[in-house]
Amino acid sequence: MSLRRLSLVARADLAFHLRRPLTWILVVIVVLSVWMLASGFLRIQSGDSAVGGTKAWITSEFAVAQVTCFLVALLYSFFVAVAAGMAVIQDDERKVGEILHATPLTAWEYVFGKVAGILVCFLAVLVIHQLAAGIANHLLPNDKADEIRGPFSIAAYVIPTLAFGVPPILFLTFTTFAVGLRFRKPILVFVIPVAFLLGCAFFLWDWSPTWLSPKWNRVLMAIEPFGFRWLNETHLKVDRGVEFYNKASIPFDALFVWSRAAIVAIGAAALAAATRHFARTMRGTAGAKRARGIVAPPAAAPVLTRPLRDLAMRSGVPALLTGARDVARVELRELRNAPGLYLFVPLILLQTIGANWTDLGPFGTLLLATPGTLAVRMMNTLTLLVCLLLLFYTAESHQRERSTGFASIYDATPVRTGSILLGKSVANAVLAVVILVACFLGCVVVMLFQGKVPIRIGPFALVWGLLLFPTFLFWAGFVLAAASIARNRYATYGIGLIALIATGWVQAKGKMNWVFNWNLWSATTWTDMGPFELSRRALVMNRLFAVTAAVFFIAVAARFYGRREADPIRIVHAFRPRALWRTALSLAPWALVPTVLASALGVQVGRGYQSKAMEKKAHDYWKQNLATWKDAPQPEIVDVVLDLKLDPEKSSFHSKGTFRLSNHNDRPLKRFALTGSPFWSDVTWTLDGAECKPENRTGLYAFVPPAPIAPGDAVTVGFEFDGSVPKGTNKNGGGLEEFILPAGVVLTSFSSTFVPIVGYDETWGIEEDKNRYEPRVYPDDFYEGRTEAAFGSGSAFTARVTISGPEAYRYNSVGILESDKVENGTRTVVWSTDRKVRFFNVVAGKWAVKQGDGTAVYYNPSHTYNIDDMALALQGARTYYAQWFQPYPWKELKLSQFPGLATYAQGFPTNITFSESIGFLTREETTGNAAFSITAHEAAHQWWGNMVLPGKGPGGNLISEGMSHFSTILLIDQVKGLSPRIEFCKRIEERYGEFRQVDSEKAMVKIDGSKPGDTTVTYDKMGWVMWMLLQQMGRDEILRGLHDFQTAYGENPDHPVLQDLVAFLRPYAADPVAYDAFVKQWFFEVAVPEYALDKGAKAKDGAAWTATATVTNKGAATMPLVLAAVKGERFDDKGVATKDYADARETITLAKGETKTVTIRCSFEPERIVVDPDAVVLQLNRKNALVKL
Amino acid sequence: MLELRNLQKVYPGPVAALSGVSLEVPVGMFGLLGPNGAGKTTLMRIVAGLLEPTAGQVILDGEDVTEAPQKIWSRLGYLPQEFGFYPHLTGEAMLRHLLELKGVSSPQGMKKLVAGLLERVNLGFAAKRKVKAYSGGMRQRLGLAQAIAGNPRLIIVDEPTAGLDPEERFRFYRLLAELAAERIVILSTHIVEDVSVLCSRFAVIRAGKVVALISPAQARALIAGRIYQGRVDNPSDLEEVLRTRWVTQSILVEGRNQVRIFEPETGAPAGFAAVEATLEDAYFVLMRGDVPAEVLR
């Protein structure tokens, strides 16, 4: 090999790549990206988000590594693939091969030279990228600079570059070059970055279900080429604390180092194999196959032929559609021959099946796939894949005549330009159809595997036909226009990729709206109960805009399609104002309709409920009322009478009613406030029956009664108004918390949607970065004395709610059903409380009902999948919670389903509401308890949240949510058995480990819901801690204590927080000292154990065996711990105990950092030692706490 | 009639590929003769509507088609100098596709039409083979087939006989002659024999300008009686002749340098004898920029 010749090739290619616009487009995009990311948009999820709290730095090695992973994967991969994969193909098209390979230049010199040139170019881009990142991170003005910038360290940029930048660039360069060299087909080159993007972004980066074994997790880490999975799973997922991320160097392990080396080696091997093949064939293949391709002419052919006029030929201009048909036919033949399609189809199949089989819904449960949910769920993936494919195929199709040399004949035929464009577009549309069909087959496979949901084509046709196809038309038209104007395939790629990246960026920053959301990314929400009712008008207009804009782009493409090479001097003249004006006028008719549609859509958004105008109203509400009304004393509701008329078709309602408000303060109330809604109109008020005009302070109505309301006295406020929910359209799709739609109705008294709320609404007008204030810091003894309620009305009230609406609906509210009448197509129901409540709701739907003994489940008739389990849970809750905590005070416990436009469940008294994706569409695992557990949790809120309303302040909401989770553990244990209970405990333990924030996690008594990690503490940790407390205190003792706690705080104006609970339970503990130690560690400190086992060994000891291991507590909490030497699997797939299982146990206690050696005697040969086999000790990384023997 | 009025083409550089070419081409075969880089292909591409001229007009049968190339495409048969086909299509499918793009039809139907055209260019045996397996000459013949298909008013063939063996060339000559009887055929070539066989008139183009518009007989008459042929054995003598004379040809015949010169005034030099002037001699004389016009009669 001659280094001189190799370096000649390398220098030539480097010069070429440095000159080409595509390289500089990448540089610009990367520099812009790091500049924008320097604002702190993408940060490690760690640290304390409180003002003055320690934040994660954007300048740390971890942060730079994370950004490097994403940018290399999302940006570099395509540009590297185009540059490397097309290098040899381009030489073929330029026909330089014949000359080059007639020199002493060998195949290896040629290949290595070109690869070296490409690598130097892109590694230079990487260097520029990190330089720009350094400048942006450290020098650009940034108002958060003090918080998110650390000291400059060159290692923070060099190490991520070497570890996360260089290996994937090497791998991509080698593999795409090899593919281009071996197969000479552009589309195959593009398969690689598309496959990696799909595989990583939609699978490898975040798929990590709890059941995935550590071994397979490591395999996935090893094969993911960009290194992000390793970084995330090893270091980011379990929060190690912001100090660690900010200051530590990334500790690479052998897996990472070897896997990077292996990935590069695989790429190099592919390149070597392709080069060997090239070396063998570049000067002609020896072999019959090639020889067969040569066509031998006949021995003698007549020189004199019949005259041409005998053929009687006529020529003309083919009609538009005829020409298009002819073009499409040939294009389709080319597509059939292109192998890319045959690779993308299995790719999309795998992606569909993999992503949907493991899709998680609320509370980390697996989701059932219905046709509609699948169709919508796949939209993002299909959009990305098909748009990338259309970019490449359209550019290649546009280029085909030029690259084959056919253009000089083709462009001189009389076929219309419109026929050419139409024909090529139709052929590319077939490509999209094939991908959709493949995806549909994948969805069918998923549903067949599920075996529960019937397969229907309708939702797929609706979603993919009416929503997705316009996206493809728009994009194909755009790319066609770009290709026609640019007349260069690489410029077309650049324009297309820039458009995709820019769209993605705007989406990520939350600035997208209906007008510009051409790809409907994450804009649609499916509900089986009535698809796309929420934003239907905006959706239709958006899709019409996409289609008409596509027509405009095609007109632009036709206008600029270059069948004739333009004269350079005339091009200059074309930019004269007159020429430009003429061009604009010729295109104006095509732009008219999309412009009108976009404008109308913009007006819709501008008037909708997420518009700037609405934001201003909310801001004005906050600004005008915060100081005056936030802490002003208010009366409390003692009685509600409401007459609500609903019109789901129009999303409107008419509300008329009264609040009886009583002054429970110890001073007279001279004034009080009720907050209304901007969605109301024609509002009228009365006060004690007389017309009243309160001061309207941007939606807060300030009442001044004729005489102050004395303590204990009451007034009656009457209200009447019309309203719409939603009012107008939203900004960019998505869901809604409360709504009145044909699909269903859900309204709650938590917000002022259909009734006013008393006092100032602290949630309205708060914007995250502008005026969100941190919660009040309470003194440690804040809970002593009377504590006000955390939510709802402090005192319970009676309510009588009359609801009327179309006959087809059923209307549920709190209390008991007094009457249900139908007259003239209108149903009128009256609900009244049989016991006082603190909040109420109204929910309506076209339901079927499953009745139980004092329970009922109202559900969409097609969602029967989990009804039995949910009804079982509801019944169990009513039975056992009543035994354990308090008798259920109301007559009936209902559960009502609403459309999945919001994903929450709420435990209103007697009327629990569930989104359809919670419980109803939960996919049961084989040890199944998902639907059951969700229902059990929400049912528990009747006791924890209704009968006992938590107090306002830190530790309050744990009484509601945490105790409901604890109740769920008890109920699963009672009704389902040991295995499901263990699985549930493990699942919520995993969630706690994954979502806790080490730096900002406070003691449970201090949890106030203000930090991102507070939710998992409130639910999962509290549930676990109470479960451990049960082990510690004894079951009967704790249940007795909880029962008495319910009695004590049920009707109490003093609402309890966690400190009250632990203080209340202390007398029930048999060992107060142990109780105090437990409470101190788990309620007043932040300490969790984490166990590691090592040096596992077993030895025969006569007829028995001994198993030994060292156990270390890497965590902070001290707990008695059971270790078990086990043989076999304890439970089968269905959660039934197996006969082969055996275990022998020992109990130890390990303090923080302590190590002990444990010996366990067994009567059987043990296979491994595990910790806590019965899941009674909360710990981190349980999956790793075992050792094989 | 095809009229070219003052066609100019300037590329950035600036490079003047055409410097005001004006021609009138009637029905029949018209040749365009010139060396490589003279501007022939540029001129052909402008006439074919594939290249926009910097200035000038192209008028076909009284209609200005300069700004509306689609008007010429419906009446055009074009065989470019360099071209390719879709490699994965068979010859038959490729030709059929082209006939469909050109709107060509026949009472016998498309299939027979395609077969008939392929037979006329001697590609019937390879109709079912993919184009990527065709030799260079076979691709040229396929190109010819599409160029002569339909009923074009104007046929432009640019270097058509490149890659054809003598038999194929003869077949091609017959096809073009048949076509030229009723339509305008422009044959652009640097092979003088093609022009002498086929064309009643031809233009000589050099450095973007037409230097002669003439018939073959007129071209020969310009230099008749003033062409001399001789043998020069000595290399230095040969150099001297090449330097001092208007040489029209210098080839090796049986190992010896045979030279033909144009000597308008002094008669045959020593060692040279008068010979009959050929079109090639006339071409070389016309192509030389240093022969005064008054010398040519």
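So the protein lines, in turn, are chains F and V.
Counting from 15, one number per residue, gives the positions in the first sequence under the numbering used here.
Counting from 34, one number per residue, gives the positions in the second sequence under the numbering used here.
The beta-carbon is built from N, C-alpha and C at its ideal position, and this holds for glycine as well.
- Query: Between which two residues does the beta strand (DSSP E) carrying residue 1206/F extend?
  - Reply: Because chain F in this structure spans residues 15 to 1203, residue 1206/F falls outside the shown range and cannot be described.
- Query: Between which two residues does the beta strand (DSSP E) harbouring residue 1176/F extend?
  - Reply: Taking the first sequence and counting its residues from 1, one reaches residue 1176/F at position 1162. Per DSSP, the unbroken beta strand (DSSP E) holding residue 1176/F starts and ends at 1169 to 1176.
- So, does the CB of residue 137/V fall closer than 8 Å to a CB anywhere in chain F? Start at 1 with the first residue of the second sequence, and residue 137/V comes out as number 104. Interface residue (Cβ-Cβ distance to chain F less than 8 Å): residue 137/V is classified as such.
- Three-way DSSP call (helix, strand, coil) for residue 820/F in this model: Position 806 of the first sequence, counted from the start, is the residue given in the question as residue 820/F. Of the three classes helix, strand and coil, the one that applies to residue 820/F here is strand, per DSSP.
- Task: Kindly indicate the opening and closing residues of the beta strand (DSSP E) around residue 1114/F.
- Result: On the first sequence, position 1100 is the one that residue 1114/F refers to. In the DSSP annotation of this structure, the continuous segment of the beta strand (DSSP E) that includes residue 1114/F starts and ends at 1105 to 1115.
- Is residue 411/F close to chain V, meaning its C-beta is less than 8 Å from at least one C-beta of that chain? On the first sequence, position 397 is the one that residue 411/F refers to. The beta carbon of residue 411/F does not come within 8 Å of any beta carbon belonging to chain V, so the residue lies off that interface.
- Sort out for me which residues DSSP pairs residue 508/F with in a bridge. One-based indexing of the first sequence puts residue 508/F at position 494. The beta-bridge partner set that DSSP reports for residue 508/F is empty.
- Report the three-state DSSP secondary structure of residue 541/F (helix, strand or coil). Reading the first sequence from its first residue, position 527 is the one you call residue 541/F. Here residue 541/F sits in coil by DSSP.
- Query: Using a Cβ-Cβ distance under 8 Å, would residue 440/F count as near chain B?
  - Reply: You won't find chain B in this structure, because its protein chains are F and V.
- Message: Using C-beta distances below 6 Å, list every residue in its chain close to residue 450/F, excluding the 5 sequence neighbours before and after it, in chain order.
- Response: Stepping through the first sequence from its first residue, residue 450/F is reached at position 436. Non-local C-beta neighbours of residue 450/F in its own chain, meaning closer than 6 Å and more than five positions away in sequence, comprise 478, ordered along the chain.
- Cα-Cα separation, residue 211/F to residue 439/F: Here residue 211/F refers to the residue found at position 197 when the first sequence is read from its first residue. Here residue 439/F refers to the residue found at position 425 when the first sequence is read from its first residue. In this structure, the alpha-carbon of residue 211/F lies about 25 Å from that of residue 439/F.
- Query: At a Cβ threshold of 8 Å, is residue 565/F touching chain V?
  - Reply: Residue mapping note: residue 565/F aligns to position 551 of the first sequence, counting from 1. No, residue 565/F lies away from the interface with chain V (no Cβ there is under 8 Å from its Cβ).
- Query: Can you list, in chain order, the residues of its chain whose CB lies under 8 Å from that of residue 321/V, leaving out five sequence neighbours each side?
  - Reply: As a first step, residue 321/V must be located in the second sequence, where it is residue number 288. Listed in chain order, the non-local C-beta contacts of residue 321/V below 8 Å within the same chain comprise 279, local neighbours out to five positions each way being set aside.
- Determine contact between the stretch 1163 to 1179 of chain F and the stretch 44 to 56 of chain V, defined as no fewer than three beta-carbon pairs at a distance below 8 Å. They do not touch, by the three-pair rule.
- Query: Who does residue 1014/F pair with in a DSSP beta bridge?
  - Reply: Taking the first sequence and counting its residues from 1, one reaches residue 1014/F at position 1000. Looking at the DSSP assignment, residue 1014/F forms no beta bridge with any residue, so it has no partner.
- Query: Using the beta-carbon of each residue, which ones in chain V are nearer than 9 Å to residue 572/F?
  - Reply: Indexing the first sequence from 1 puts residue 572/F at position 558. Neighbours of residue 572/F in chain V, taken as residues whose beta carbon is under 9 Å from its own, are absent, since the nearest beta carbon is some 12 Å off.
- Task: Report all residues from its chain with a CB closer than 8 Å to the CB of residue 601/F; omit the five preceding and five following residues, and keep chain order.
- Result: Here residue 601/F refers to the residue found at position 587 of the first sequence. Its chain contains 566, 569, 570, 573 as the residues whose beta carbon lies nearer than 8 Å to that of residue 601/F, once the 5 sequence neighbours on both sides are disregarded; these appear in chain order.
- Return helix, strand or coil for residue 287/V, following the three-state DSSP convention. Within the second sequence, numbered from 1, the residue matching residue 287/V stands at position 254. When DSSP states are grouped into helix, strand and coil, residue 287/V belongs to the coil group.
- Query: In or out: residue 708/F buried (at least 16 other Cβ within 10 Å) or exposed?
  - Reply: By one-based count along the first sequence, residue 708/F stands at place 694. Under a 10 Å Cβ-count criterion, residue 708/F is classified as buried, with 16 or more other Cβ atoms of the shown protein chains found around its own Cβ.
- Item | Top-ranked residue by Cα proximity to residue 828/F, from 838/F, 850/F, 39/F, 820/F | For the purposes of this step, residue 828/F is taken as residue 814 along the first sequence, with counting starting at 1. Among 838/F, 850/F, 39/F, 820/F, the Cα nearest to that of residue 828/F is on 850/F.
- Item | Residue(s) in a DSSP beta bridge with residue 97/V | In the second sequence, the residue the question calls residue 97/V occupies position 64. DSSP, once it has assigned bridges, lists 92/V as partnering residue 97/V.
- Item | Check whether residue 409/F and residue 517/F have beta carbons under 8 Å apart | Along the first sequence, read from residue 1 onward, the residue named residue 409/F stands at position 395. Along the first sequence, read from residue 1 onward, the residue named residue 517/F stands at position 503. In this structure, residue 409/F lies away from residue 517/F, with their beta-carbon atoms at least 8 Å apart.
- Query: With which residues is residue 12/F paired in a DSSP beta bridge?
  - Reply: This structure cannot settle anything about residue 12/F, because the visible part of chain F is limited to 15 through 1203.
- Query: Quick one: does residue 294/V have its CB under 8 Å from some CB of chain F?
  - Reply: Numbered from its first residue, the second sequence carries residue 294/V at position 261. So, not an interface residue.
- Task: Check whether the Cβ atoms of residue 203/F and residue 100/F lie closer than 8 Å to each other.
- Result: As a working mapping, residue 203/F is identified with position 189 in the first sequence. As a working mapping, residue 100/F is identified with position 86 in the first sequence. Cβ distance < 8 Å, so residue 203/F and residue 100/F count as in contact.
- Message: Contact criterion: CB-CB distance below 8 Å. Does residue 307/F meet it with respect to chain V?
- Response: In the first sequence, counting from the first residue as 1, residue 307/F sits at position 293. Note on residue 307/F: pLDDT 48, under 50, position unreliable in the model; no value is reported.
- Message: Does residue 358/F come out as helix, strand or coil in the three-state DSSP assignment?
- Response: For the purposes of this step, residue 358/F is taken as residue 344 along the first sequence, with counting starting at 1. In the structure shown, residue 358/F sits in a helix (DSSP, three-state: H, G or I).
- Quick one, which of 49/V, 295/V, 108/V has its alpha-carbon nearest residue 88/V's? As a first step, residue 88/V must be located in the second sequence, where it is residue number 55. Nearest neighbour of residue 88/V by Cα position, chosen from 49/V, 295/V, 108/V, turns out to be 49/V.
- Message: Tell me the residue span of the alpha helix (DSSP H) that contains residue 1001/F.
- Response: The sequence position of residue 1001/F within the first sequence is 987, counting from 1. Element bounds for residue 1001/F: 992 to 1009.
- Query: By DSSP, does residue 52/V sit in helix, in strand, or in coil?
  - Reply: Within the second sequence, numbered from 1, the residue matching residue 52/V stands at position 19. Shown here, residue 52/V sits in a strand according to DSSP, grouped into three states.
- Item | Where residue 197/F meets chain V, residues with beta-carbon distance less than 9 Å | Here residue 197/F is taken as the residue at index 183 of the first sequence, counted from 1. None at all; the shortest Cβ gap to chain V is about 14 Å.
- Relative to the alpha-carbon of residue 129/F, which residue among 22/F, 171/F, 84/F, 218/F has its alpha-carbon at the smallest distance? Looking up residue 129/F in the first sequence gives position 115. Minimum Cα-Cα distance from residue 129/F among the listed residues 22/F, 171/F, 84/F, 218/F corresponds to 22/F.
- Query: Is there contact here, the stretch 731 to 739 of chain F with the stretch 681 to 701 of chain F, by at least three beta-carbon pairs under 8 Å?
  - Reply: Contact between the stretch 731 to 739 of chain F and the stretch 681 to 701 of chain F is present, with at least three C-beta pairs closer than 8 Å.
- Taking Cβ-Cβ distances below 9 Å as the criterion, which residues of the stretch 420 to 433 of chain F are in contact with chain V? Flagged, chain order: 420, 421, 422, 423, 424, 425, 426, 427, 428, 429, 430, 431, 433.
- Mind the definition here: the stretch 1127 to 1134 of chain F touches the stretch 1154 to 1167 of chain F only if three or more C-beta pairs lie below 8 Å; say whether that holds. The stretch 1127 to 1134 of chain F, when compared against the stretch 1154 to 1167 of chain F, does touch it at the 8 Å Cβ threshold.
- Query: What residue range is occupied by the uninterrupted beta strand (DSSP E) comprising residue 676/F?
  - Reply: Here residue 676/F refers to the residue found at position 662 of the first sequence. Its beta strand (DSSP E) spans residues 666 to 676.
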